[in-house]
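Asks:
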Amino acid sequence: MLSKRIIPCLDVREGRTTKGIRFENNVDIGNPVEMASFYYEAGADELVFYDITASHEKRNIMIDVVRRVAETIFIPFSVGGGIRDVDDMRNVLLAGAEKVSVNSAAVKNHKIISQGAEIFGSQCIVLGMDVKHVGESVKIPSGYEIVINGGRKYMGIDALKWAVEAQKLGAGEICLNSIDADGTQDGYELKLTSLISENVSIPVIASGGAGKPEHLCEVLTKGKADAALIASMVHYGTYTVSEIKTYLDSCGVKIRKSW
Amino acid sequence: MIAIIDYDAGNLASVERAVSYLGFKCIVTNDIKTINSSERIIFPGVGAAGAAMNSLKRLGLDSIIKQTVIDGKPILGICLGTQIIMKYSEENETPCLKIIDGSVKAFPPDIKSKDGGRLKIPHMGWNGLENIKKHPVLSDLHEDDEFYFVHGYYPNPNDSEHILGTTDYGISFASVIGFNNIIATQFHPEKSGRPGLSLLKNFCMWNYS
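Sequence lines, in order, name chains A and B. The opening residue of the first sequence carries number 63 in our numbering; numbering runs sequentially from there. The opening residue of the second sequence carries number 0 in our numbering; numbering runs sequentially from there.
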């Protein structure tokens, strides 16, 4: 049976891994290539890199990081952050990423999903969604709204509607990030995750809020997620991927045990 | 030299990187002379069956691959490459290379796990192998080893002798197929960590005779 995936997420700024809370106050936590190698050996099932480099001029640093990661690890990894068009996608995929993740650019221009899927295949295209709970309204029937620009700009788009639309456009996977839970280590947004996962047929990666193994167990069972993103809880050495997997196995969650 | 067949079916650099990492010489190529003079070939690919078959025919590679099977040179199919060696694919209703008898089928849309849970399509992620036949390329597998899959269609050989391993995703499907000098995996060994690299290494050293 298919295993649930445990995916460490590395935020990379100008070639270094950083970590912040609710997208703010980022601190340096290491070399992304070394960290990728470490997590690969530690049993991570996949990795996610977000390029949060502020300036356009320094984006090429990320391509170099992607190339070095691809030479070092032999599991899938995706790269997101600042992907604006098909050329950006091509650069990242040719450098060795398995998947590319689009977020703000796809909200502003839906075609980037269909174009990417057509050229590179749906399996390459991950839709990153940053979502905030705003309460149900006529405009936002699910109560969850799409935000962009690191959680600063509300788009007036219903998260559930957007997820379904993105799947139709050709997205192969959704990485669903709760801005409310991000960096808090208080647990994933279970209601949001199950809502999206039950209404699309593509895999959903839950993101934001992981602090202890119990949180992963919840989101992979009650939350109906296909995979769980983790960051702080492993970046600071609080837990290892192996410890998390041992716990999930004891809860009856199917995970990859051998690596 | 190992020839990695390039027929415009996705990014083949990851296969090249993994084989090079293992210390074997390889080249991504669609040049018939280079392919013919290689010691073994890898036939990878992601994408749709229809477009892939068109590219193979346009490049004249369909007959080369069939001839290689007859010649006895080791061949490794990966993902779409594995599906293309079948007789026919339901995807785009495509007649394929007919190296192995049987068709490529779509996972049913209402596919469910044993406990009744809805399964998503494509089958994406890590999954294990069962019913593994004795084969030099599969010799180093451990019991819990899993491999990385991304696919909505699966090969369904008519002759069970051609099935070298199966995987469970609501149904039990053939995830490793082959006979004689050809072995083909539905999963991506180049993206499957230690067990994947071990399988690739075994293929690169396989002396079929």
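We put the beta carbon where it would ideally sit given N, CA and C, even for glycine.
1) Compare the C-beta of residue 160 of chain A against all C-beta atoms of chain B and say whether one is closer than 8 Å.
2) Give a yes or no on contact between the region 157-173 of chain A and the region 110-130 of chain A, applying the rule of three or more CB pairs nearer than 8 Å.
3) Classify residue 153 of chain B as buried or exposed, calling it buried when 16 or more other Cβ atoms lie within 10 Å of its own Cβ.
4) Using only the alpha-carbon positions, how far apart do residue 162 of chain B and residue 129 of chain B sit?
5) For a quick check, are the C-beta atoms of residue 52 of chain B and residue 81 of chain B less than 8 Å apart?
6) Rounded to the nearest angstrom, what separates residue 165 of chain B and residue 106 of chain A at their Cα positions?
7) Kindly indicate the opening and closing residues of the alpha helix (DSSP H) around residue 102 of chain B.
8) Would the region 142-152 of chain A count as touching the region 170-182 of chain A if we require 3 or more Cβ pairs under 8 Å?
9) Against residue 10 of chain B, what residues of chain A qualify as contacts under a CB-to-CB distance less than 7 Å, listed in chain order?
10) Mind listing which residues of the region 127-147 of chain B have their C-beta closer than 9 Å to chain E's C-betas, in chain order?
11) Is it the case that the region 181-201 of chain A contacts the region 31-44 of chain B, given that we only count it when at least three CB pairs across the two stretches are under 8 Å?
12) Could you please give the first and the last residue of the uninterrupted beta strand (DSSP E) stretch that includes residue 192 of chain A?
13) Quick one: list the residues of chain B neighbouring residue 181 of chain A, beta-carbon separation under 7 Å, in chain order.
14) Would you give the residue range spanned by the beta strand (DSSP E) that residue 248 of chain A belongs to?
15) Starting from residue 285 of chain A, trace the alpha helix (DSSP H) in both directions and tell me its first and last residue.
16) Taking the alpha carbon of residue 194 of chain B as the point to measure from, which residue in B:144, B:62, B:185 has its own alpha carbon closest?
17) Just confirm the distance between the C-beta atoms of residue 263 of chain A and residue 193 of chain A, as a whole number of angstroms; I'd bet it's less than 8 Å.
18) Can you pull out the residues from the region 178-202 of chain A whose beta carbon lies closer than 7 Å to at least one beta carbon of chain B?
19) Please give the ranges of any beta strand (DSSP E) in the region 146-189 of chain B, keeping only runs that are unbroken, at least 3 residues long and fully inside the region.
20) Leaving out five residues on either side along the sequence, give the residues of the same chain with a beta carbon under 7 Å from the beta carbon of residue 281 of chain A.
21) Reducing DSSP to helix, strand and coil, say where residue 206 of chain A ends up.
22) Count the other C-beta atoms from every protein chain shown that fall within 10 angstroms of the C-beta of residue 197 of chain A, then say buried if there are 16 or more, exposed otherwise.
23) Which of the residues in the region 154-172 of chain B, read from start to end, lie with their CB under 7 Å from any CB of chain A?
Replies: A quick look at the data gives this:
1) yes
2) yes
3) Buried, by the Cβ-count rule.
4) Cα to Cα, the separation comes out at about 11 Å.
5) no
6) 24 Å
7) Element bounds for residue 102 of chain B: not the alpha helix (DSSP H) but the beta strand (DSSP E), 99-105.
8) yes
9) 155, 156
10) The structure shown contains no chain E; the protein chains it does contain are A and B.
11) Judged by Cβ distances under 8 Å, the region 31-44 of chain B makes no contact with the region 181-201 of chain A, as fewer than three pairs qualify.
12) 187-195
13) Within chain B, no C-beta atom comes nearer than 7 Å to that of residue 181 of chain A; the closest sits roughly 10 Å away.
14) Premise fails: residue 248 of chain A is in no beta strand (DSSP E) and is neither H nor E.
15) For residue 285 of chain A, no alpha helix (DSSP H) run applies, since DSSP gives it neither H nor E.
16) B:144
17) Separation of the CB atoms of residue 263 of chain A and residue 193 of chain A is rounded to 19 Å, and the pair is thereby denied contact status at 8 Å.
18) 183, 185
19) 152-156, 162-168, 170-178, 181-184
20) 250, 252, 255, 268, 287, 290
21) strand
22) exposed
23) 167, 168
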